[in-house]
Amino acid sequence: MPERYQPAASRDMAIFNAAGAGAVVPGSALMLAFAGSQVLVDLAGPPRFPSFYEIAAWVPADAELHHLGHWEGQALFAVALDKQSGLDESLDWMDLRRLLGVLDESLFYVAGRATQILDWARNHRFCGRCGAPTARHEGGERALVCTRCGFGAYPRINPCVIAIVTRGDEILLARAHRFANGMFSALAGFMEVGETAEQTLIREVREEVGVEIGDIRYFASQSWPFPSNLMLAYLAEYAGGEIRLQEEEIAEAGFFHYTDLPLLPPAGSIARAMIDHFVAERTAHHA
Ligand SMILES: [Zn+2]
């Protein structure tokens with residue numbers, strides 16, 4: 123089966139003005155329309171994004187349409203809209219986070235790409251080096267280029283390392299102060315420049331809970347568009363130390379038996395995938 127999402131080729135990432143877009147953007151094109159972190163979606167049936175035809179009347183003439191490629195053969199664009207515009211009531215604004223586990227996984231990924239590209243475009247109207255206005259890349263690359271000094275700004279991702287630390291049948295989980303609902307999750311942290319992923323992991327676990335780890339094994343990666351992270355996920359073994367919390371960040375942490383786990387992150391997150399993987403492995407081990 124062919125992939126449902128065909129990303130735009132690296133020279134085909136053009137940005138179009140909404141005015142005159144009719145010549146290049148088909149009415150049937152799928153639109154990932156965002157207002158901040160909220161995306162326009164039709165939830166009447168299986169969640170679906172609107173076509174250009176459905177929202178064209180509310181897209182301002184100076185809006186920029188970012189070409190993302192194709193979804194099931196249909197051209198795909200991202201656009202930033204004003205939430206106040208009078209949209210059709212069959213469409214809803216929905217926080218992208220709430221569509222995790224609701225949208226088809228590959229469609230969620232495409233929407234995550236759209237919001238990151240819109241953020242990048244909003245944050246790079248002016249050159250970070252000399253302050254002059256930027257313009258779209260003439261060769262169709264996904265870049266905003268300074269009109270004075272030529273400096274090019276490409277979308278950036280921020281690598282983040284996440285790990286579950288296990289000790290026999292137990293798993294180390296922590297509740298950060300920012301988790302309002304009492305959820306426990308894997309430990310995670312941003313990579314510092316110059317670090318390897320393994321070095322970040324050892325440092326973060328040591329800083330956040332005071333524990334040493336070993337036997338670090340790569341698990342998987344996930345694009346996480348809140349706001350622009352690449353999650354690199356690892357499994358690690360407890361290697362020593364007593365739990366000592368970094369109290370500014372961590373409210374509570376502990377080792378939990380795989381049959382008696384607290385409230386966990388939602389399905390669709392890589393943290394949950396790792397925890398489920400550990401539970402399945404322990405269950406099989408004891409079967
Ligand atoms: Zn410049």
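First residue of the sequence shown: 123, per my numbering; consecutive thereafter.
In this text, a Cβ means the ideal position worked out from N, Cα and C, and glycines have one as well.
Bear in mind the structure is a predicted one, so any value in this text is a computation, not a measurement.
Segment limits, alpha helix (DSSP H) that includes residue i
| i | result |
| --- | --- |
| residue 245 | 227-245 |
| residue 318 | Taken as a continuous stretch (DSSP letters only), residue 318 belongs to no alpha helix (DSSP H), as it is neither H nor E. |
| residue 398 | 392-408 |
| residue 424 | This structure leaves residue 424 out entirely; the chain is present only between 123 and 409. |
Inter-residue Cα distance where the pair is residue i and residue j
| i | j | result |
| --- | --- | --- |
| residue 264 | residue 247 | 14 Å |
| residue 297 | residue 377 | 12 Å |
| residue 289 | residue 361 | 8 Å |
| residue 146 | residue 126 | 22 Å |
| residue 174 | residue 151 | 5 Å |
| residue 266 | residue 381 | 51 Å |
| residue 243 | residue 143 | 18 Å |
| residue 305 | residue 254 | 45 Å |
| residue 310 | residue 229 | 25 Å |
| residue 347 | residue 301 | 18 Å |
| residue 220 | residue 352 | 19 Å |
| residue 212 | residue 179 | 15 Å |
| residue 409 | residue 402 | 10 Å |
| residue 206 | residue 406 | 53 Å |
Whether residue i touches residue j by CB criterion (8 Å)
| i | j | result |
| --- | --- | --- |
| residue 218 | residue 181 | no |
| residue 239 | residue 209 | no |
| residue 392 | residue 279 | no |
| residue 384 | residue 394 | no |
| residue 134 | residue 316 | no |
| residue 390 | residue 222 | yes |
| residue 396 | residue 308 | yes |
| residue 199 | residue 192 | no |
| residue 202 | residue 183 | no |
| residue 169 | residue 232 | no |
| residue 294 | residue 319 | no |
Limits of the beta strand (DSSP E) - the one that residue i falls within
| i | result |
| --- | --- |
| residue 286 | 280-289 |
| residue 251 | It is not in any beta strand (DSSP E) - residue 251 carries neither H nor E in the DSSP assignment. |
| residue 372 | 372-379 |
| residue 127 | 127-129 |
| residue 161 | 160-163 |
| residue 156 | 152-157 |
| residue 336 | 334-346 |
| residue 139 | 137-139 |
| residue 309 | 309-312 |
DSSP three-state assignment for residue i, whether helix, strand or coil
| i | result |
| --- | --- |
| residue 269 | coil |
| residue 352 | strand |
| residue 146 | coil |
| residue 123 | With a pLDDT of only 48 at residue 123, under the threshold of 50, the placement of this residue in the model should not be trusted, and no figure is reported. |
| residue 365 | coil |
| residue 181 | coil |
| residue 383 | coil |
| residue 186 | strand |
| residue 326 | helix |
| residue 201 | strand |
Distance between beta carbons of residue j and residue i, contact taken as under 8 Å
| i | j | result |
| --- | --- | --- |
| residue 234 | residue 159 | In fact, because the Cβ distance is near 11 Å, the residues do not count as touching under 8 Å. |
| residue 411 | residue 358 | Past the boundaries of the shown model lies residue 411; the chain is included only from 123 to 409, so the question cannot be answered. |
| residue 154 | residue 138 | Rounded, the Cβ-Cβ distance is 14 Å, inconsistent with contact. |
| residue 249 | residue 282 | Not quite, the Cβ-Cβ distance comes to about 27 Å (not below 8 Å), so this is no contact. |
| residue 237 | residue 156 | 5 Å |
Any chain B beta carbon closer than 8 Å to residue i
| i | result |
| --- | --- |
| residue 141 | Considering every chain present, this structure includes no chain B. It has just one protein chain. |
field: Lining residues of ligand 3 - beta-carbon closer than 6 Å to any non-hydrogen atom, in sequence order
entry: This structure does not include ligand 3; its bound ligands are ligand 1.
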